[in-house]
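Trainee: Below is one structure. I have some questions about it.
There are 2 protein chains.
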Amino acid sequence: MDTATGLETRELRYFVAVAEELHFGRAAERLGMAQPPLSRAISQLERRVGATLLDRTSRRVTLTEAGRVLLEEGRAALEAVEAAGRRAQRAALAGTGQASVVLTAKAGASSELLAKLLDAYAAEPGAAAVDVHLCGPGEQERLLRDGRADVALLHRPFDATAGFDTEDLVTEHQVVLLPAGHPLSLRSEMTLAEVADLPGLPLPRWPRRDGSFPDGAGPQVRDHTQVLQLIALGRACAVLPESAAATLGRDLSAVRVTDAPEVTTVIAWPAHSRSRAVAGLVQAALRL
Amino acid sequence: MDTATGLETRELRYFVAVAEELHFGRAAERLGMAQPPLSRAISQLERRVGATLLDRTSRRVTLTEAGRVLLEEGRAALEAVEAAGRRAQRAALAGTGQASVVLTAKAGASSELLAKLLDAYAAEPGAAAVDVHLCGPGEQERLLRDGRADVALLHRPFDATAGFDTEDLVTEHQVVLLPAGHPLSLRSEMTLAEVADLPGLPLPRWPRRDGSFPDGAGPQVRDHTQVLQLIALGRACAVLPESAAATLGRDLSAVRVTDAPEVTTVIAWPAHSRSRAVAGLVQAALRL
DNA sequence: GGCACCGATACCGTGGGGGTATGGACACCG
DNA sequence: CGGTGTCCATACCCCCACGGTATCGGTGCC
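Each protein sequence line maps, in turn, to chains A and B.
Just so we're aligned: 158 in our numbering is position 158 of the first sequence, and the numbers increase by one with no gaps anywhere.
Just so we're aligned: 10 in our numbering is position 10 of the second sequence, and the numbers increase by one with no gaps anywhere.
This is the structure in structure tokens:
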């Protein structure tokens, strides 16, 4: 049972494609190859692992339990390999005066904290250049895992922090943002139930991990600024951390939501990271 | 810069070998191949990553910054790939009535808690078979990372928990174990400084990660039982968590050490684990 | 029963990974 | 300072295995 399997990433990539498509033909197309070699590669992989990964009839392909496990773990492993390559690539560029750390944050969130962090770190002796990568919700996790980023500002409980090392930075309440002049904007507090029932002001729909949107009435949004604009236009409302409302203009007002979960901004990095620059950023963040 | 590198695990294995040996000839031997193809494979890897990983003269091979990063990250990636294979393998065996979860613990530590945990989990409906893998200190981390284990009982602050999900189980003080009848065994407390100065009773030396032992006067030990026996023989003393002393026989006695750090026993598992059996074990542990 | 779909098998060509032989740089030694 | 030993790179070759095309065989559907 202590058999070292010695899988190749190519095999894993093939398997993940088939396991996701559940169809050899489509998977082969996606991989840019013909179907027969793919079939063979999968059977070879099965021999190597010593287990059937896919139950296949000529009509339907399904995952076995072992297959489900390998899909899950294989994806993680492939991301780790990608991460290794990319981080080495970037480490080389760092010597040439290019940016050496990539920090990722949700566009529009914690912007004040981010600005202070960058200032504080830049003031340190020996500070590396920091490349800021703003992105949509949920993307940071992937960037951190596959090596395109080194540090991230995440927001619990929205973002998954499993597998990362984290330090808590600030915890804040959430508020509902309303168009200025909305009758309820004079209230001092509201509940989530009241927010959900606001006539004519649906909550916007954020994309899921895979990019698709949940069903519902609200407008589809991908970005923080889109939300603010929609609220200003009187087409939506949104529940957000206080800090997101700190800089709101004259056309928005905020009301504290009492029963919304508190949001903690955390700084996160890959658990095994030994980078001096990342450590410096974390230190700077904790001193804020 | 968004170049998908697409490394193969073979290349990574080669690179890790060379980076560890810092010598192409020895690395080739270790890999069971000739030196020239290894040289070529490394240059190809360098082209793929787009960076020099090793500075080589005919006398000395050294790692570049990019090389150091790739060594670190590559090791983690290789372990992730191994883990994927092994866990899939075991998932297949699980269907055939063999053990489906592997739990690892330090030999001799938390044995009472471990027994209670196994009992509690086994009593649950639908409990899977649990394979217990006892091992030396520091080994569990590796077992969990490379897929030979699914859950571990770890002890903070001794074991590294970075990258795992954990739940705290119990926190305890540490005691010093002395041969029964030792003059100081009547004391109610001691300090670490006093323990270090006990004449004729040196602290044992535990192996480091790489298997080597630190310099010093104490006997070399690999195991909990070895320590207990040496103490009973009057050749050593040891600072251990209270629970390790709970079952001590007539030939040992324990004295509380006031300034030793508290030890927390935690249950840990890979962050991305979705296994039902692991979740059940964690639940059972939390209910103890 | 005919047909369309889809995965497995058979067979073939080529690229690349691995082998041996050798070159060339560098340190050490007499 | 030439000789020698060490060690990585290059040259050249071979063969396996990966990928391609053609085809078979099973399965569900009209």
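We put the CB at the ideal spot given by N, CA and C, even for glycine.
Have a look at A260/B and W269/B and give me their C-alpha separation to the nearest angstrom.
Mentor: The straight-line gap from Cα to Cα measures roughly 27 Å.
Trainee: Going residue by residue through the region 153-210 of chain B, where are the continuous alpha helix (DSSP H) segments of at least 4 residues, counting only ones entirely within it?
Mentor: 192-196
Trainee: May I ask you to report which of helix, strand or coil DSSP gives R59/A?
Mentor: Looking at R59/A - three-state DSSP - the assignment turns out to be coil, as it is neither helix nor strand.
Trainee: Under 7 Å, Cβ to Cβ, is there at least one residue of chain B near R145/A?
Mentor: no
Trainee: Expressed to the nearest angstrom, what Euclidean distance is found between the alpha-carbon atoms of A244/A and L153/B?
Mentor: 41 Å
Trainee: At the level of alpha carbons, what is the spacing between D210/A and A76/A?
Mentor: 16 Å
Trainee: Counting only C-beta atoms, is D210/A closer than 7 Å to chain B at any point?
Mentor: no
Trainee: I'd like to check one pair, F24/A with S43/A: are the Cβ atoms closer than 7 Å?
Mentor: no
Trainee: Might you give, ordered along the chain, the residues of its own chain that have their beta carbon closer than 7 Å to the beta carbon of H173/B, omitting 5 neighbours on each side?
Mentor: E242, R256 and E262
Trainee: Between the C-alpha atoms of G181/B and L281/B, what's the straight-line distance to the nearest angstrom?
Mentor: 41 Å
Trainee: Are at least three pairs of beta-carbons, each pair with one atom in the region 99-111 of chain A and one in the region 134-152 of chain A, less than 8 Å apart?
Mentor: yes
Trainee: For the beta strand (DSSP E) containing D150/A, name the first residue and the last one.
Mentor: First-last for D150/A: undefined, no H or E at that position.
Trainee: Note down, in chain order, every chain B residue with its Cβ under 9 Å from the Cβ of R142/A.
Mentor: Chain-ordered listing is empty here: chain B has no CB closer than 9 Å to the CB of R142/A, the nearest sitting near 13 Å.
Trainee: So, does the CB of R87/B fall closer than 7 Å to a CB anywhere in chain A?
Mentor: For R87/B, the nearest CB of chain A lies under 7 Å from its own CB, placing it at the interface with that chain.
Trainee: So, with DSSP's three-state summary, where would you put A254/A?
Mentor: strand
Trainee: What does H272/B touch in chain A if you count any residue whose Cβ is under 9 Å from its own?
Mentor: E72, E73, R75, A76, A162 and G163
Trainee: Between the region 273-288 of chain B and the region 160-172 of chain B, are three or more C-beta pairs nearer than 8 Å?
Mentor: yes
Trainee: Along chain B, which residues have their Cβ under 7 Å away from the Cβ of R10/A?
Mentor: E8
Trainee: Within 7 Å of any Cβ in chain A, is that where the Cβ of G50/B sits?
Mentor: So, interface residue.
Trainee: Tell me where the beta strand (DSSP E) around V320/B begins and ends.
Mentor: Missing from the structure shown is residue 320/B; chain B here goes from 1 to 288 and no further.
Trainee: For Q220/A, I'd like the list of residues in its chain whose CB is within less than 6 Å of its CB, leaving aside the five on either flank, ordered along the chain.
Mentor: R205 and F213
Trainee: Looking at the C-beta of E65/A, does it have a partner C-beta in chain B at a distance below 7 Å?
Mentor: yes
Trainee: Can you list the residues of chain B that V69/A reaches, using a CB-CB cut of under 7 Å?
Mentor: R87, A88 and A91
Trainee: Note down, in chain order, each residue of its chain lying with its Cβ closer than 7 Å to the Cβ of A317/A, except the 5 sequence neighbours on either side.
Mentor: Limits of chain A in this structure are 1 at one end and 288 at the other, which puts residue 317/A out of reach.
Trainee: Do you know offhand how far A122/A's Cα is from D131/A's?
Mentor: 12 Å
Trainee: Measuring alpha carbon to alpha carbon, tell me which residue in A84/B, K106/B and E65/B is nearest A91/A.
Mentor: Of the listed residues, the one whose Cα sits closest to A91/A is E65/B.
Trainee: Please classify A109/B: is it buried, with 16 or more other beta-carbons within 10 angstroms of its beta-carbon, or exposed?
Mentor: buried
Trainee: Hey, does A277/B have any beta-carbon neighbour from chain A nearer than 7 Å?
Mentor: no
Trainee: Let me make sure I understand the geometry here. Which of E82/A, G216/A, L186/A and S188/A has the alpha-carbon closest to that of A196/A?
Mentor: G216/A
Trainee: Based on Cα-Cα distance, which residue from L114/A, H133/A and I267/A lies nearest to H155/A?
Mentor: I267/A
Trainee: Could you work out which residue in H272/B, V18/B, A120/B and G136/B is closest to T225/B when comparing CA atoms only?
Mentor: Answer by Cα proximity: G136/B.
Trainee: Please report whether the beta-carbon of A83/B lies at a distance below 7 Å from any beta-carbon of chain A.
Mentor: yes
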